[in-house]
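Worksheet: the structure to be examined is printed underneath.
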Amino acid sequence: MDQAWEQLRTARCATAADRLWLSGALLALAAACFVGTSGAYAATLATCAGLAATALACALAWRCGRRVAAFRHHLVRLSTARADELDARVRDATEDAERQKHALEAARAHLLTQAAELAASNRDLERRNREIESFYHVVSHELRTPLTAIREFLAIVRDGVVGDVNDAQRECLESAIESCNHMRRCVDDLFDVARLETGRLTIRPVRLAPRPLLERAADRLRPFAAERGVRIELELAPNLPDVDADPDRFVQIVGNLLHNAIKFSDAGAAIRLRSRAQQGPTGLDELLVEIVDSGCGIPSDQLERIFDRLAQVCEDAIQTAGGLGLGLPLCRELIEQHHGRIEIESRRRHGTTVRFTIPASRERSQTVLTPRNRPTEAMQR
Amino acid sequence: MSKILIVEDDKNVLKALVIRLRAKGYELVTAQDALMALSAVRDEHPDMVLLDISLPGGNGFEVGTKIRAEATLAATPLVFITASRRPGLRERAEELGAVAFFEKPYDSQALIDCIEATIGAPAAP
Chain A
1096 MDQAWEQLRT ARCATAADRL WLSGALLALA AACFVGTSGA YAATLATCAG LAATALACAL
1156 AWRCGRRVAA FRHHLVRLST ARADELDARV RDATEDAERQ KHALEAARAH LLTQAAELAA
1216 SNRDLERRNR EIESFYHVVS HELRTPLTAI REFLAIVRDG VVGDVNDAQR ECLESAIESC
1276 NHMRRCVDDL FDVARLETGR LTIRPVRLAP RPLLERAADR LRPFAAERGV RIELELAPNL
1336 PDVDADPDRF VQIVGNLLHN AIKFSDAGAA IRLRSRAQQG PTGLDELLVE IVDSGCGIPS
1396 DQLERIFDRL AQVCEDAIQT AGGLGLGLPL CRELIEQHHG RIEIESRRRH GTTVRFTIPA
1456 SRERSQTVLT PRNRPTEAMQ R
Chain B
34 MSKILIVEDD KNVLKALVIR LRAKGYELVT AQDALMALSA VRDEHPDMVL LDISLPGGNG
94 FEVGTKIRAE ATLAATPLVF ITASRRPGLR ERAEELGAVA FFEKPYDSQA LIDCIEATIG
154 APAAP
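Sequence lines, in order, name chains A and B. Everything in the first sequence is counted per this note's numbering, starting at 1096 for the first residue and increasing by one. Everything in the second sequence is counted per this note's numbering, starting at 34 for the first residue and increasing by one.
Below is the structure:
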């Protein structure tokens, strides 16, 4: 502010000096004219005044000039300083930008490396998945072949094809065949579990009526039930809704649950396979299937972990009837792949009810069920 | 109508099948790989073929396809048996017009019933 005022004053001084100089010059000129008209004394006075004015003006002008020069010098210095300051700022900003650019490039390179590593890791995991599945497939295939031969030869002897057998021999052979059947189920479950682990347990749903499949599952289990002296009774409601389901897997689920019920029932008991339509929690129609037995029941501490794959394999408490095996975890996975739910109620010495639901087929749109891929416990361990 | 060709590479499974079916009275021919299977079909003209799917030198489906491609053999009933659980096998068997598809370990009574239903009980000796 002071600087500005100073500048203004200096400028005014310069203007004033110019005016004074001009006035002095005019006065001198006037004096010269006066000399020509009004006598020597007046003329001399006027001339002196004019000269004095001129001298004063010159002095003032000289001083102002100096001030102007100073002012001009000051202005030049200011603008140079300003220019320098701007240059410095531009340099700083440019350097900042350069640094940022380098940082961004480094970050980008890092991200690209990470992405490449993740892609490679994914490929490895996928290859490993395929190897695991292939391994389980080969192993289960290799196990089934000798198992077939063992079972067949036992049956051939039991059936008297190569000679008579007495009752005791027949009983032994029956037990051996039953063990073969058990082993066959384990091998099948093993393969299914492998596919569970690698996310390849897929279902191929079609729209189907459940009644014939429920009957087929029951028929399939009747021989085993008969061996145990257990009856399977069907209570199927007349208006069962169609469902979108994989027919083989549907029969597998029901068969599995019936098999467990038979195993845990005493001779003379009846197992009920019930089914009807009901409304689900979202108000949509669903198919309800229940397998009810009056057998020994499952202790509540085991109920909690009953769908836990690992618990079945490690637990040695559930061994009265040879264990539940991998059947229930598989059932749950299969039911959930069908967008259904499963639950178990059980009381010791009273029996067990397993119920599952599957959404009914919708009329308007095709329900497309996709296999679910999710990180499994095995991969996280 | 009672000659059956059994194509199976595992000698014990083959032996068990032979014992069962011979006891029932069927005439039997056996082969243990894809090549032998084809020449057996051409030479013996069996009334029915039981085909294992995994075979040395090919697989049961390839043999089935070649059988279907030859006019004189095309109508031969085929039954596929497999120890594999890979998806899609049953469908391939159906595409080849198979009479039945069994998974090992198979139910031998069901297999016998299927054979009898297709080519009848064996001719009386």
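In this text, a Cβ means the ideal position worked out from N, Cα and C, and glycines have one as well. Because the structure is a prediction, the values reported are computed rather than measured.
Only residues of its own chain outside the window of five on either side were considered, and among them Arg1302, Pro1336, Asp1337, Val1338, Asp1339, Thr1462 have a CB closer than 8 Å to the CB of serine 1456 (chain A), listed in chain order.
Looking only at B:Glu128, B:Gln142, B:Val40, the smallest Cα-Cα distance to methionine 81 (chain B) is reached by B:Val40. For valine 46 (chain B), the C-beta contacts it makes with chain A under 9 Å involve Thr1240, Pro1241, Thr1243, Ala1244, Glu1247, in order along the chain. Secondary structure at phenylalanine 1402 (chain A): coil, using DSSP grouped into helix, strand and coil. Assignment of beta-bridge partners to aspartate 1259 (chain A) by DSSP yields no partner.
Burial check for arginine 1344 (chain A): the Cβ neighbour count within 10 Å reaches 16 or more, so the residue is buried. With a 10 Å radius around the Cβ and a threshold of 16 neighbouring Cβ atoms, alanine 102 (chain B) comes out exposed. Looking from the CA of lysine 137 (chain B), the closest CA among B:Arg118, B:Tyr59, B:Phe94, B:Thr109 belongs to B:Arg118. Nearest to glutamine 1374 (chain A) by alpha-carbon distance, out of A:Asp1361, A:Arg1253, A:His1168, A:Pro1454, is A:Pro1454.
Between the region 1272-1282 of chain A and the region 76-93 of chain B there are fewer than three C-beta pairs closer than 8 Å, too few to call the two in contact. Less than 7 Å divides the Cβ of leucine 1331 (chain A) from the Cβ of arginine 1306 (chain A). DSSP places phenylalanine 1166 (chain A) within a helical segment (H, G or I) once states are collapsed to three. In this structure, the alpha-carbon of isoleucine 1439 (chain A) lies about 25 Å from that of alanine 1289 (chain A). Beta-bridge partners assigned by DSSP to isoleucine 1439 (chain A): A:Val1449. Taking each of A:His1434, A:Glu1428, A:Gly1392, A:Thr1452 in turn and checking the Cα distance to arginine 1443 (chain A), the smallest one comes out for A:Gly1392. Bridge pairing for methionine 81 (chain B): B:Ile37 [DSSP]. The contact set of cysteine 1275 (chain A) on chain B, defined by CB atoms closer than 9 Å, consists of Pro138 in chain order. For leucine 1308 (chain A) against valine 1257 (chain A), the beta-carbon gap comes to about 38 Å, at or over 8 Å, which does not count as contact. With distances taken between CA atoms, glycine 1390 (chain A) lies nearest to A:Ala1364 out of A:Ala1364, A:Val1349, A:Ile1401, A:Arg1184.
Leucine 61 (chain B) is a Cβ neighbour of arginine 55 (chain B), given a cutoff of 7 Å.
For the region 1247-1319 of chain A, the full-length beta strand (DSSP E) segments reaching 3 residues or more read 1301-1303 along the chain. At a cut-off of 7 Å, the C-beta of isoleucine 37 (chain B) has no neighbouring C-beta in chain A.
With its beta carbon at least 7 Å from every one in chain B, arginine 1457 (chain A) lies outside the interface. Just so you know, the alpha carbons of glutamine 65 (chain B) and valine 96 (chain B) end up roughly 12 Å apart. Taking 7 Å as the upper bound on Cβ-Cβ separation, chain A lies near residues Ala49, Ile52, Arg53, Ala56 of the region 48-69 of chain B. Burial is judged here by how many other beta carbons sit within 10 angstroms of a residue's own beta carbon; serine 72 (chain B) has fewer than 16 and is exposed. The alpha carbon of isoleucine 86 (chain B) has as its nearest neighbour, out of B:Phe134, B:Ala108, B:Arg53, the alpha carbon of B:Phe134.
Taken atom to atom, the span from the alpha-carbon of isoleucine 1272 (chain A) to that of threonine 1208 (chain A) is near 58 Å. The closest CA to that of alanine 70 (chain B), considering only B:Ile145, B:Lys99, B:Ala150, is found on B:Lys99. Annotation: leucine 1121 (chain A) to glycine 1145 (chain A) spans about 8 Å, alpha carbon to alpha carbon.
Within the DSSP bridge table, the entry for glutamine 1373 (chain A) names A:Glu1381 as partners. Neighbours of alanine 1250 (chain A) across chain B, judged by C-beta separation under 7 Å: Ser141. Identification of chain A residues near arginine 125 (chain B) by a Cβ-Cβ cut-off of 8 Å yields none; the smallest Cβ-Cβ distance measures about 14 Å.
Taken through DSSP and simplified to helix, strand or coil, proline 1454 (chain A) comes out as strand. Comparing C-alpha distances from alanine 1152 (chain A) to each of A:Asp1380, A:Ser1118, A:Ile1251 shows the shortest one belongs to A:Ser1118. In this structure, the straight-line span from the alpha carbon of cysteine 1159 (chain A) to that of alanine 1178 (chain A) is close to 28 Å.
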